[in-house]
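*Asks:*
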Amino acid sequence: MSPGELPGPGPDERMHPKGRRNKQGIRIDPEAEAHHPPERAVLSALVKHEPGVLAEISGLFSRRQFNIESLTVGTTTDDSLARMTIVIEEPRPGIDQAKKQLEKRIPVISVRELASDAIQRELVIIKVNGDEPDKVNAITDMYDGQTLDAGPRSITVELTGNEQKINDAIDAYAQFGIRELARTGDAALARGESPTAQVKQPNQAPTEAQVETEVISDD
Amino acid sequence: MSERASISREEQDDEANSSNQSTDVDAAETADQPTQTGAEAVVDALENAGVEYLFGVQGGAIMPVYDALYEHEQMTHITMAHEQGAVHAADAYGIVTGDPGVCMATSGPGATNLITGIADANMDSDPLIALTGQVPTNFVGNDAFQETDTIGITQPITKYNIFSDDTDTVGEDVGTAWALANEGRQGPTLVDLPKDTTQGETSATVGEPRTPDTYDPPTEADSVIVQQAADALASAERPVILAGGGVIKGEACDELRAFARDFEIPVTATMPGTGAFPQTDPLDQGIAGMHGTGDANLAISNCDVLVGIGTRFDDRLTGDIETFAPDAEVIHVDIDPAEISKNVEADYPLIGDAAVVIEQLHEAMSGSPPADEWREQCQTWKDEYPLDYEMPEDEPLKPEYVVEKYDELTPDDTIVAAGVGQHQMWAWQYWTWTKPRTWVTSHGLGTMGYAVPAAIGAKLAAPDQEVVAFDGDGSFLMTAQELTVAVRENLNITIVVLNNEAIGMVRQWQDGFYGGRRMASEYPWIPQFDKLAEAFGAQGLRVETYEGVEETIQEAREYDGPSVIDAHIDPAENVYPMVPSGGDNARFALNEEHLEELK
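First to last, the protein sequences are chains A and H. In terms of our numbering, the first sequence has 76 at position 76, counting the first letter as 1, and numbering is strictly consecutive. In terms of our numbering, the second sequence has 728 at position 509, counting the first letter as 1, and numbering is strictly consecutive.
Right, dumping it as structure tokens:
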């Protein structure tokens, strides 16, 4: 007899269920297991523009182990609000969980996952060696970039575009030797009339940001 | 949730609209005549919230707030021995009353000593507000004496925190933090109070506590999903309800009881949900999880519809997620959307207030599930897997007996506090739970040392109810100094130390999973706890035989003031049933041999 032991049929003598769940807690058909490959999602969050919010949001993503690709933040037309654009790469259940965890934080006013056709732009500043200025200029023209600074040893250019275009441009500049570069990460808005994350308070006069959104969607 | 200070959103808005102008006028007229300090505004905010007790420890940066309490009569401040004691006492006060408990500490070490208790409250969604002193704002960031980044440190473990650096709004900040701790999914909040904020003067008056306008917790669940869920449940052949802590926090126990009884659905409970449904009811189907009972774990494993209410399906409950209720459609009722499909996918997500949603489900049910065979099966499991133990005369005292005896001798509404470890599991398993808000322990964080300060907070919250704390020798040594508070306040509480001279749960795991290598788990140098209690001025008792148990318990209960019973129990006793960490709940071990098979 072992101390504390209890009576009753042993593990093999009991009723056992037939089914199973996967690691995400989703019931699975044993013959066709649901598979959730990681996908890229763009989340737009309207947050209170106050100290500590950026730390709160970035902390949330790190401690819940959400795989974050980029995070940008900036003010809106309403001084009290800021918009964050967060690009994450997660399986679908992880993306849903990230949205809900974001929405739960008190300074976060609203969150929306943008559709894949959303307008996404990133800015990059690249400083390359200045030995072949003509070739550098040709590539800058090709990517609709701008030369910000040119000296005998280095040329600095600016480009904007979606992630793919920026990656291609960086590859193209690599032949000259890239000295340094800085990327901002994506900023994004929903395309057309559909609103990005916006203030929604039924009992309040619309804020400036809301009015702004409405005007845009009227266009 | 508190009714004391919560007013509905509409009323709040009306009041805010009508009072805005008048306060503006007042502010203009008295702009040059400060009426009070920031610290007094803090105290006003607490008073407006209906706070009765504060638990804290004095210190430099929080002194202005203490000074503002000097002549205050409505609120009683309980000075604790250590800030961890303050936060656990406040936490227990919150569990028992349903209103946020309030703890206070100074900056630096005062604030960091609160961390364990704040994290504990965060894991268990306990309503708690912490007020911490901070160095003056012009020193912040300079590594000043007793400066620490309290906001940064507590950000991941609070529902909300705020660095309150404006004397004109500090009172409102405290009110907001109190209201946020109380409303929606409850949880801990913190207001960091720089000394110049609390010492500064202001003409602002402090209103009722209210949540920010952007905070709007859900109440009613989507009626379409409610109907679908009710249809699934009404046609279930193997239904079971899993009552979580949210049933108690959401004051939904009556609704749950009526629902389960009307449709004859067996009810299991999580550890925090224990007490939501009376264990004396025939529909009670035990307690679920790692050390839960066989009847509960088998019912959950084999059910075809699982109604989880106010539970976050944590790993100690589910075991291996792949084998958790794998045949079941899950109806998940929770006020926090982020809990839906976090660990277990919800087939029917019902986001809303537990009491409201259970009513909705109740109305949508077409009838009792056709589950007579299942109900019989559930009864069979209850008979097959009783919690039972033997008491050989020649062997040391069994802890289970001490718990059962105490339960037998005390009224139903007795509050039981516990630390963390084997003693906690025995208290949970062998007490017969019939009422909510009587089981006060550390669930999610697993904080050893919780019991003694929790018993103090619980007794002050419910002076007319008996309070007993079951503690382990290891747990007790972590916060035993709070006995000094129980003696000073002459609290009629009993601490029963189930003393096996070991960190028993670790010892049990070492024996089970580490080849019996008992590294740092045995405490043969333990003090005499009865003597230690006497040194504090409490009654100290010792028991090591079955005959002595009843008499000793009665001696403790009859004593005017706190008692400590040093109960020397069988050091070899282990906790069963046991589902090994990450194991299949249906394959719980009832003894060492089972455990061997499962490894």
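Yeah, the Cβ is synthetic: ideal placement off N, Cα and C, and Gly gets one too.
Quick one, which of H:339, H:276 and H:507 has its alpha-carbon nearest residue 351 of chain H's?
*Replies:* Residue 351 of chain H has its Cα closest to that of H:276, out of H:339, H:276 and H:507.
*Asks:* Got a sec? Which residues, its chain only, sit under 7 angstroms from residue 261 of chain A by beta carbon, not counting five neighbours each side?
*Replies:* Any property of residue 261 of chain A remains undetermined from this structure, which presents chain A solely from 1 to 219.
*Asks:* Verify whether the separation of the beta carbon atoms of residue 640 of chain H and residue 723 of chain H is less than 7 angstroms.
*Replies:* Contact flag set, yes.
*Asks:* Which residue or residues does DSSP assign as beta-bridge partners of residue 129 of chain A?
*Replies:* Answer is A:154.
*Asks:* Might you give, ordered along the chain, the residues of its own chain that have their beta carbon closer than 7 angstroms to the beta carbon of residue 219 of chain A, omitting 5 neighbours on each side?
*Replies:* Low confidence applies to residue 219 of chain A: its pLDDT is 37, below 50, so where it sits in the model is not reliable, and the reading given next is rough at best. Closer than 7 angstroms at the Cβ level, and outside the excluded window around residue 219 of chain A, lies no residue.
*Asks:* Could you compute how far the alpha carbon of residue 741 of chain H sits from the alpha carbon of residue 721 of chain H?
*Replies:* Roughly 4 angstroms separates the two Cα atoms.
*Asks:* Where do the N-terminal and C-terminal ends of the alpha helix (DSSP H) with residue 62 of chain A fall, by residue?
*Replies:* Taken as a continuous stretch (DSSP letters only), the alpha helix (DSSP H) holding residue 62 of chain A covers 53-63.
*Asks:* Could you please give me the residues that DSSP links to residue 522 of chain H through a beta bridge?
*Replies:* The partner list for residue 522 of chain H (beta bridge, DSSP) is empty, contrary to what the question assumes.
*Asks:* For residue 406 of chain H, which option in H:674, H:309, H:634 and H:597 has the closest C-alpha, if you only look at C-alpha atoms?
*Replies:* Ranking the options by Cα distance to residue 406 of chain H, first place goes to H:309.
*Asks:* Cβ of residue 375 of chain H less than 7 angstroms from any chain A Cβ?
*Replies:* Closer than 7 angstroms: yes.
*Asks:* Does residue 556 of chain H get closer than 7 angstroms to chain A when you measure Cβ to Cβ?
*Replies:* So, interface residue.
*Asks:* Check whether the Cβ of residue 348 of chain H sits closer than 6 angstroms to any heavy atom of the ligand ADP, and report yes or no.
*Replies:* Looking for the ligand ADP in the displayed structure turns up nothing, as the structure carries no ligands at all.
*Asks:* Answer yes or no: do residue 399 of chain H and residue 373 of chain H have a C-beta to C-beta separation smaller than 7 angstroms?
*Replies:* Contact: no.
*Asks:* Given this structure, state the Cα-to-Cα distance separating residue 696 of chain H from residue 637 of chain H, to the nearest angstrom.
*Replies:* Rounded to whole angstroms, residue 696 of chain H to residue 637 of chain H spans 13 angstroms at the Cα level.
*Asks:* Need the endpoints of the beta strand (DSSP E) that residue 795 of chain H sits in, please.
*Replies:* Per DSSP, residue 795 of chain H belongs to no beta strand (DSSP E) and is neither H nor E.
*Asks:* Would you call the CB atoms of residue 280 of chain H and residue 353 of chain H closer than 7 angstroms?
*Replies:* Yes, these two residues count as a Cβ contact at 7 angstroms.
*Asks:* At a Cβ cut of 9 angstroms, what residues of the segment 58-76 of chain A count as close to chain H, listed as they run along the chain?
*Replies:* Here the close residues are 59, 60 and 63.
*Asks:* Alpha carbons only, please: which of H:620, H:376 and H:655 is nearest the one belonging to residue 468 of chain H?
*Replies:* That would be H:655, whose Cα lies nearest to the Cα of residue 468 of chain H.
*Asks:* Considering only the alpha carbon of each residue, which of H:617, H:268, H:375 and H:809 lies closest to residue 797 of chain H?
*Replies:* Nearest C-alpha to residue 797 of chain H: H:809.
*Asks:* Determine the closest residue to residue 489 of chain H out of H:499, H:472 and H:507, with distance taken between C-alpha atoms.
*Replies:* Cα-wise, what sits closest to residue 489 of chain H is H:507.
*Asks:* Apart from the five residues just before and just after residue 28 of chain A, which ones in its own chain have a Cβ nearer than 8 angstroms to its Cβ?
*Replies:* These residues qualify, in order along the chain: 19, 20, 21, 22 and 34.
*Asks:* Between the Cα of residue 254 of chain H and those of H:384, H:347 and H:418, spot the shortest distance and give me the residue it belongs to.
*Replies:* Minimum Cα distance to residue 254 of chain H is reached at H:418.
*Asks:* Give the residues of chain H in contact with residue 3 of chain A, contact being defined as C-beta atoms less than 7 angstroms apart.
*Replies:* In chain order: 789, 791, 792 and 793.
*Asks:* By how many angstroms is the C-alpha of residue 392 of chain H removed from the C-alpha of residue 226 of chain H?
*Replies:* Only weak support exists for where residue 226 of chain H lies, its pLDDT of 42 falling under 50; the coordinates are left without a value.
*Asks:* Consider the Cβ of residue 101 of chain A: report whether some Cβ of chain H lies at a distance smaller than 7 angstroms.
*Replies:* By this cut-off, residue 101 of chain A is an interface position.
*Asks:* Have a look at residue 290 of chain H and residue 510 of chain H and give me their C-alpha separation to the nearest angstrom.
*Replies:* Going by the C-alpha atoms only, they are around 49 angstroms apart.
*Asks:* Could you name the residues of chain H that residue 159 of chain A contacts, counting a contact when the two beta carbons are closer than 9 angstroms?
*Replies:* Chain H residues near residue 159 of chain A: none, gap ~36 angstroms exceeds 9 angstroms.
*Asks:* On the CB-based measure, 16 or more other CB atoms within 10 Å of its CB, does residue 15 of chain A come out buried or exposed?
*Replies:* Result: exposed.
*Asks:* For a test of the three-state rule: what should DSSP assign to residue 285 of chain H, helix, strand or coil?
*Replies:* Of the three classes helix, strand and coil, the one that applies to residue 285 of chain H here is helix, per DSSP.
*Asks:* Thinking C-alpha only, which one of H:465, H:779 and H:682 is nearest residue 532 of chain H?
*Replies:* For residue 532 of chain H, the nearest C-alpha among the options comes from H:465.
*Asks:* Residue 660 of chain H and residue 626 of chain H - do their beta-carbons sit closer together than 7 angstroms?
*Replies:* No, these two residues do not count as a Cβ contact at 7 angstroms.
*Asks:* Measuring alpha carbon to alpha carbon, tell me which of A:87, A:126, A:105 and A:129 ends up nearest residue 114 of chain A.
*Replies:* Nearest C-alpha to residue 114 of chain A: A:87.
*Asks:* Which residues in the same chain as residue 41 of chain A place their Cβ atom closer than 6 angstroms to its Cβ, once the five residues preceding and following it in sequence are excluded?
*Replies:* 88, 95 and 113, listed in sequence order.
*Asks:* For residue 339 of chain H, which residues of its own chain have a beta-carbon under 6 angstroms away from its beta-carbon, when the five flanking residues on both sides are left out?
*Replies:* The residues are 661, 664 and 666.
*Asks:* According to DSSP, residue 48 of chain A sits in a beta bridge with which residue or residues?
*Replies:* Answer is A:81, bridged to residue 48 of chain A.
*Asks:* List the residues of chain A whose Cβ lies closer than 9 angstroms to the Cβ of residue 359 of chain H, in chain order.
*Replies:* None at all; the shortest Cβ gap to chain A is about 11 angstroms.
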